[in-house]
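A.B. asks:
Protein chains in written order, with our numbering: chain A, 1 to 230; chain B, 1001 to 1230.
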């Protein structure tokens, strides 16, 4: 029994018995039946994290926006479109969630009203689009009375570290995975990434490597911090 | 020699010696380095038309927005993002173009200014987005002094025929391929489609079938009208 316990603390068993929710990909916010606002997230990082969490023994629910990736094996995938859908899927069963990893690139704003019919191109040269702020999914999870260990992402084009730490504190997160999307060859739509892990009292740089490799390193770091948490 | 000439007028040779430009897919209009406005066009119809035109003996330039489709064989593919890029690619070599088929779902509007850095989510609950009308690619082509035979598409959710005919006349097109995107199972992102061909003096319904089948029928109709045109 002691041997089993010890084994479980190594590598593949790092998250055994734990439930991990991971959001991935972009969201799409409908303007009308054909048009939407979205972003360049490919979902690759979130999917790689989900795979690494399963490999570490966790039960995983992958909450995915529209991406062109197959459903990974040995996990539950819930497919959503909008930020509101993603929030509902995240809150569904959240009581059982030990670690919440918000890797999705959620649209900050959505159109105030969705037109039922396709908007006709008018004579107007200029159009004003009225947008309303979307719910903040990771902050909503971190605000729960019995919050899971909550990991956010910060995709920035400048002042990465200071934005990341202020986001961590403002949203009551346990960890931020910050990446500089202005660097070519990493991040959005790329197969590689390099990130800085930012907690309340430390920062750790994980240098550029494949998203798959990076996902394993991230899951190991997250598991260690989770197991150390009070 | 006579036998060759006659053979060329049948099926596979319907467009031999002709140059066809086809636009396909959506366009993406950047809001900032990560966000964009787009639409649900899969590009399948445009790609199927390009294939059918090649099969009919044409030289084809396929001008494609961002889609998840491989480059079809035996044609030139030019990949673009925005409507402005697509217009430039369409006008490049337009003098040699005999038939222009505008199957792309071009964004009607784009943000007035693209932010160089990712827009930070502010405290504001409401955001106003200022959009400016994009160039009308098919109308720009049809307005050329030596215009090619110009085919437009109309994706509508209501009043299909009346919108299509008014578009035909307003934009100086030779033919409109109109489809009702409010019908489930056809059109955007689907593998099947059903369309109504609308010319100045006639309308022809092509019933629901695979986009590949429909593309062959469309290319045959377009070739016949083109060859009959003064």
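Just so it is clear, CB atoms sit at the ideal spot from N, CA and C, and this is done for glycine as well. For clarity, every value in this text was computed on a predicted model and none was experimentally measured.
DSSP state of residue 170/A, grouped into three classes?
C.D. replies: Three-state DSSP puts residue 170/A in a helix.
A.B. asks: Check for me: the beta strand (DSSP E) holding residue 208/A runs from which residue to which?
C.D. replies: Counting along the chain, the beta strand (DSSP E) containing residue 208/A begins and ends at 203-210.
A.B. asks: Grab the span of the alpha helix (DSSP H) containing residue 94/A for me, first residue to last.
C.D. replies: That residue, residue 94/A, is in no alpha helix (DSSP H); it is neither H nor E in DSSP.
A.B. asks: Contact defined as beta carbons within less than 8 Å: I believe residue 141/A pairs with residue 135/A. What is the distance between those atoms, to the nearest angstrom?
C.D. replies: The Cβ separation is near 11 Å, so there is no contact.
A.B. asks: Do residue 1087/B and residue 1057/B have their CB atoms nearer than 7 Å?
C.D. replies: Their beta carbons are not under 7 Å apart, which means residue 1087/B does not touch residue 1057/B by this criterion.
A.B. asks: Please report the residue range of the alpha helix (DSSP H) in which residue 1140/B lies.
C.D. replies: Start and end: 1137-1142.
A.B. asks: Tell me the DSSP secondary structure of residue 1017/B in three-state form.
C.D. replies: It is coil, neither helix nor strand.
A.B. asks: Would you give the residue range spanned by the alpha helix (DSSP H) that residue 1051/B belongs to?
C.D. replies: 1044-1055 is the extent of the alpha helix (DSSP H) around residue 1051/B.
A.B. asks: Quick one: what's got a C-beta closer than 7 Å to residue 1138/B's C-beta in the same chain, skipping five residues either side?
C.D. replies: Contacts found: 1102, 1150, 1152, 1171 and 1173.
A.B. asks: Quick test of your reading: residue 1083/B and residue 1059/B, contact by CB under 8 Å. State the CB separation rounded to the nearest angstrom.
C.D. replies: In fact, because the Cβ distance is near 25 Å, the residues do not count as touching under 8 Å.
A.B. asks: For residue 224/A, does the three-state DSSP call read helix, strand or coil?
C.D. replies: DSSP places residue 224/A in helix when its eight states are reduced to three.
A.B. asks: Restricting to Cα atoms, I'd like to know which of 1226/B, 1191/B, 1201/B and 1227/B is closest to residue 956/B.
C.D. replies: Because chain B is modelled from 1001 through 1230, residue 956/B falls outside the range shown and cannot be assessed.
A.B. asks: Are the segment 90-106 of chain A and the segment 43-57 of chain A in contact at 8 Å, needing three or more beta carbon pairs?
C.D. replies: Segments in contact, yes.
A.B. asks: What does residue 133/A touch in chain B if you count any residue whose Cβ is under 8 Å from its own?
C.D. replies: Under the 8 Å cutoff, chain B gives 1121, 1124, 1125, 1126 and 1127.
A.B. asks: Just verifying my parser: in three-state terms, what is the DSSP assignment at residue 127/A?
C.D. replies: Looking at residue 127/A - three-state DSSP - the assignment turns out to be strand.
A.B. asks: Which class does residue 64/A belong to by DSSP, given the choice of helix, strand or coil?
C.D. replies: Residue state, collapsed to three classes: strand.
A.B. asks: Could you spell out the range, first to last residue, of the beta strand (DSSP E) harbouring residue 1134/B?
C.D. replies: It is not in any beta strand (DSSP E) - residue 1134/B carries neither H nor E in the DSSP assignment.
A.B. asks: CB-CB under 7 Å to residue 133/A, same chain, minus the five flanking residues each way: which ones, in chain order?
C.D. replies: Hits under 7 Å: 108 and 109.
A.B. asks: Quick one: Cα of residue 1178/B to Cα of residue 1198/B, how far?
C.D. replies: Those two C-alpha atoms are separated by around 7 Å.
A.B. asks: For the candidate residues 96/A, 211/A, 194/A and 213/A, whose alpha-carbon lies nearest to that of residue 204/A?
C.D. replies: Looking at the Cα atoms, 194/A is the closest of the given residues.
A.B. asks: Sort 211/A, 208/A and 163/A by Cα distance to residue 200/A and report the nearest one.
C.D. replies: With distances taken between Cα atoms, residue 200/A lies closest to 163/A.
A.B. asks: Thinking C-beta only, is residue 1167/B closer than 7 Å to residue 1155/B?
C.D. replies: The answer is no: Cβ separation not under 7 Å.
A.B. asks: For residue 5/A and residue 146/A, what's the separation of their Cα atoms in angstroms?
C.D. replies: Low local confidence applies: a pLDDT of 44 at residue 5/A is under 50, so the model's placement there is unreliable, and no value is given.
A.B. asks: Three-state secondary structure (DSSP) at residue 31/A?
C.D. replies: Coil at residue 31/A, not helix or strand.
A.B. asks: Within 10 Å of its beta-carbon, does residue 68/A have 16 or more other beta-carbons around it, so buried, or fewer, so exposed?
C.D. replies: With fewer than 16 other Cβ atoms within 10 Å, it is exposed.
A.B. asks: Is any beta-carbon of chain A found at less than 7 Å from that of residue 1033/B?
C.D. replies: So yes, residue 1033/B belongs to the interface.
A.B. asks: Identify each residue in the segment 1042-1075 of chain B for which the Cβ-Cβ distance to at least one residue of chain A is less than 9 Å, and report them in chain order.
C.D. replies: Listed by position, the residues of the segment 1042-1075 of chain B near chain A (Cβ gap below 9 Å) are 1068.
A.B. asks: In chain A, which residues lie less than 9 Å from residue 1226/B when you measure between Cβ atoms?
C.D. replies: The premise fails here: residue 1226/B is roughly 27 Å from chain A at the closest Cβ pair, so nothing lies under 9 Å.
A.B. asks: Going along chain B in order, which residues have a C-beta closer than 9 Å to the C-beta of residue 130/A?
C.D. replies: Result: 1126, 1127, 1128 and 1129.
A.B. asks: Using 7 Å as the limit for Cβ to Cβ distance, is residue 176/A near chain B?
C.D. replies: With 7 Å as the cut-off, residue 176/A does not count as an interface residue toward chain B.
A.B. asks: Report yes or no: is there a C-beta of chain B within less than 7 Å of the C-beta of residue 37/A?
C.D. replies: So, interface residue.
A.B. asks: Using 7 Å as the threshold, is the C-beta distance between residue 1131/B and residue 127/A below it?
C.D. replies: In contact: residue 1131/B and residue 127/A (Cβ atoms closer than 7 Å).
A.B. asks: Quick one: is the Cβ of residue 146/A within less than 6 Å of any heavy atom of the ligand SAM?
C.D. replies: You won't find the ligand SAM in this model; it holds no ligand whatsoever.
A.B. asks: How would you list, in chain order, the residues of chain A whose beta-carbon sits under 8 Å from the beta-carbon of residue 1166/B?
C.D. replies: Here the premise fails: no neighbours, minimum Cβ distance about 11 Å.
A.B. asks: According to DSSP, is residue 79/A part of a helix, a strand, or is it coil?
C.D. replies: Residue state, collapsed to three classes: strand.
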